[in-house]
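Protein chains in written order, with my numbering: chain Y, 1 to 347; chain C, 1001 to 1347. Glycine is no exception: its CB is placed at the ideal position from the N, C-alpha and C atoms.
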DNA sequence: CTGAAAGCGCTTACAG
DNA sequence: CTGAAAGCGCTTACAG
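In structure tokens form, the structure reads like this:
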């Protein structure tokens, strides 16, 4: 895995452009001097510095960061591991991470899982091979031993999961899911189903919190598992749930995320069920879509942009000081009540 | 610009992990042999190859792609320049590009503009410094001379804009905008406004096509320019448009993209205007949001996923053969009629 | 089948 | 203030 023998892609592009050596040659000075001047380091006379910068500009010199990092024995770029680019929560995180990085001379190298339902450890390998200095992962999977092996190679910022000894930026799913269920219970619902996706290690907090909340109110838990976490993946499970025989259909559904909630919404529309008349619905994430007129989805706000910013800040901090104290920021989610929830019809 | 003297970020992470030299030393062979074996090249006995791969695995060897590219005088990674990660069209493109690249040993380096309304040439600089072998840009800006200067450094795949001599993956905006206007005209609308964003070079096709279509039907063009292309940026312009005194408000709006159409929708809801009763609305992009029950937006489908796939394919092709014939793929958009358009009230 | 040498573009000590 | 040398991790000719 680490050394793929079938590699060696034929496709390559020839390298081009002026180098520091070219500039040094043109000016008749040493490469060292050019390097120093370009980086604004001490040890170059003002006049010389000006000449060098002017020449660099004229020649359209662009520094080869990869070579610089190799020579400098350092790594400055940030790797971001995303589960699904099309899910608004991840694109929001991408956006806020990028904003924090902008203007800080940090490159962003991306690894996106192609099958979000089954996160691939290889995705992070890409980042390691790209020699990033820190990895922000929105889906830290595997055992704590796996994670320890990873962090031995590169500092990790874990999002949405708390990992002991690792910088963690999370949202309290336990609280979020409880608020969702309690809100439905307060409205009078007892038959509350939970639509979620495949279970993978470290990502069961919402489900477990749902189960605990249900048992606390003495109601049976009803977990339905879709093939994934996207709207498309959730559609057939959603349909199955809503097509249950009369009396077995829940009066409310709490979905693991807004995408799955939207799947429920579409399925409900197909079956002629009205929301919240026939079915109350709670999502999770508070995506911008959830707040749209006509969607009006009750959901749990996790402040995705804040999470992204915090993760980027943690990454920059870790890059600057590998020995800094471990960060464990846990954000409190809050319920945003909109029009998709109401009292059950027959109660 | 090219040589920023204020650079030299303090934050760095020390490099770590086994190298080919480490493996060679452990096995008592040359570095060359290790390199050959790791890449599956000829010239290594099967037994030796096996030993080397086994050792690499055991030591958790991870190849340093940056060093490999530097030494091999080639570039294999793909740079993607996105205008706005939160706009669904770009996240869809990101997703499809990444899918095409997955499993092909291609890294994706991302540059996202922080202010999409004013694309920053520096964003692409980041990609150049990351030594990417090809740049896919969703917003090629500047004059053709600027573009020529860029393509002298790195092959470019231009999206959404046709650039002579440059691989271009575009959608025919002229046709798309005409279809939108004609659809509204067919419904009986004459007062059709166009909500767009700031003008920048190479991106005025929809606007111009709208203007031509309006003048073809003998109606006055009514272009309203928002501060940007995002929903938030469009909100105040949308409000201004809909708050016009009676008789001056358009009966239909054709928006530059779905984001701006959603801004119109929100503004209309705030003002108590119904869609399509009081106002017909056409977007552009056919984002997944547009098709949602409750949104039901008539829009122009540009097949964003296809565009992304085509761009990725063009990038891979260009990487493999710098001398390949220039690609100019132009997709035909089509109108998707949904519930946001209808006959004008008083007609 | 295997190895010694040169070099990619850059930076970091170390000498002047 | 300036330069010659060594080296980052790797690959590519070139010799055996």
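Asked	Found
Output, in sequence order along the chain, the residues in the stretch 1117-1139 of chain C whose CB is closer than 8 Å to any CB in chain Y.	1125, 1126, 1128, 1129, 1130, 1131, 1133 and 1134
Suppose you measure from the CA of residue 1211 (chain C) to the CA of residue 1221 (chain C); what does that come to, to the nearest Å?	6 Å
Who are the Cβ neighbours of residue 194 (chain Y) in its own chain at under 6 Å, not counting the five residues just before and after it?	210, 223 and 254
Which residues, taken in chain order from the stretch 1261-1288 of chain C, show a beta carbon closer than 8 Å to some beta carbon of chain Y?	1262, 1265, 1266, 1269 and 1288
Please return the same chain residues whose Cβ sits closer than 8 Å to the Cβ of residue 1005 (chain C), not counting the five positions on each side in sequence.	Unreliable placement is indicated for residue 1005 (chain C), whose pLDDT of 34 sits below 50; the coordinate value is still reported in the next sentence. Excluding sequence neighbours, residue 1005 (chain C) sits near nothing in its chain.
Quick one: grab the DSSP three-state call for residue 90 (chain Y).	helix
Does the contact criterion of 3 or more C-beta pairs under 8 Å hold for the stretch 292-312 of chain Y versus the stretch 175-188 of chain Y?	yes
Determine whether the beta carbon atoms of residue 1156 (chain C) and residue 1171 (chain C) lie at a separation below 8 Å.	no
Comparing C-alpha positions only, which one of C:1314, C:1227 and C:1332 sits nearest to residue 1325 (chain C)?	C:1314
Using CA coordinates, which residue listed in C:1102, C:1087 and C:1166 is at the minimum distance from residue 1152 (chain C)?	C:1166
Given this structure, state the Cα-to-Cα distance separating residue 1240 (chain C) from residue 1148 (chain C), to the nearest angstrom.	40 Å
Considering only the alpha carbon of each residue, which of Y:63, Y:50, Y:189 and Y:21 lies closest to residue 280 (chain Y)?	Y:189
Within 8 Å of any Cβ in chain Y, is that where the Cβ of residue 1295 (chain C) sits?	yes
Taking residue 82 (chain Y) as the reference, which of Y:102, Y:158 and Y:247 has the closest Cα?	Y:158
So, residue 1062 (chain C) versus residue 1017 (chain C), is the Cβ gap smaller than 8 Å?	yes
Within the 8 Å Cβ cut-off, does residue 1360 (chain C) reach chain Y?	The structure shown has nothing for residue 1360 (chain C), since chain C only spans 1001 to 1347.
Measuring only the C-alpha atoms, how far is residue 1196 (chain C) from residue 1257 (chain C)?	8 Å
Which one of C:1103, C:1100, C:1161 and C:1109 has the shortest CA to CA distance from residue 1328 (chain C)?	C:1161
Would you mind telling me which residues of chain C sit closer than 8 Å to residue 108 (chain Y), beta carbon to beta carbon, in chain order?	1109, 1110, 1111 and 1112
Does the beta-carbon distance from residue 1131 (chain C) to residue 66 (chain Y) come in below 8 Å?	yes
So what's residue 1229 (chain C) in DSSP terms, helix, strand or just coil?	coil
Can you tell which of C:1192, C:1335 and C:1033 has its C-alpha closest to the C-alpha of residue 1052 (chain C)?	C:1033
Are the CB atoms of residue 97 (chain Y) and residue 311 (chain Y) within a distance shorter than 8 Å?	yes
So what does DSSP say about residue 1321 (chain C), is it helix, strand or coil?	coil
Should residue 1199 (chain C) be labelled buried (16 or more other beta-carbon atoms within 10 Å of its own) or exposed?	exposed
Out of Y:226, Y:308 and Y:322, which one is the CA nearest neighbour of residue 264 (chain Y)?	Y:226
Identify the contact partners of residue 1064 (chain C) in chain Y, using a Cβ-Cβ distance below 8 Å as the criterion.	70, 129 and 131
Check this for me: beta carbons of residue 109 (chain Y) and residue 1107 (chain C), under 8 Å apart or not?	yes
I'd like to confirm something about residue 1285 (chain C): is its beta-carbon nearer than 7 Å to some heavy atom of the ligand NAD, or not?	For the ligand NAD, the structure offers nothing, since it holds no ligand at all.
Does DSSP put residue 1066 (chain C) in a helix, in a strand, or in coil?	helix
Between residue 105 (chain Y) and residue 309 (chain Y), how many whole angstroms is the CB-CB distance? I'm expecting something under 8 Å.	Not a contact, Cβ separation roughly 18 Å.
Counting C-beta neighbours from all protein chains within 10 Å, is the total for residue 1234 (chain C) 16 or more, i.e. buried, or is it exposed?	buried
Classify residue 1057 (chain C) as buried or exposed, calling it buried when 16 or more other Cβ atoms lie within 10 Å of its own Cβ.	exposed
Would you list, in sequence order, the uninterrupted beta strand (DSSP E) runs of no fewer than 3 residues that lie entirely inside the stretch 1214-1262 of chain C?	1223-1225 and 1252-1255
To the nearest angstrom, report how far apart residue 69 (chain Y) and residue 1070 (chain C) are at their CA atoms.	12 Å
Would you identify the three-state DSSP class for residue 126 (chain Y), choosing helix, strand or coil?	helix
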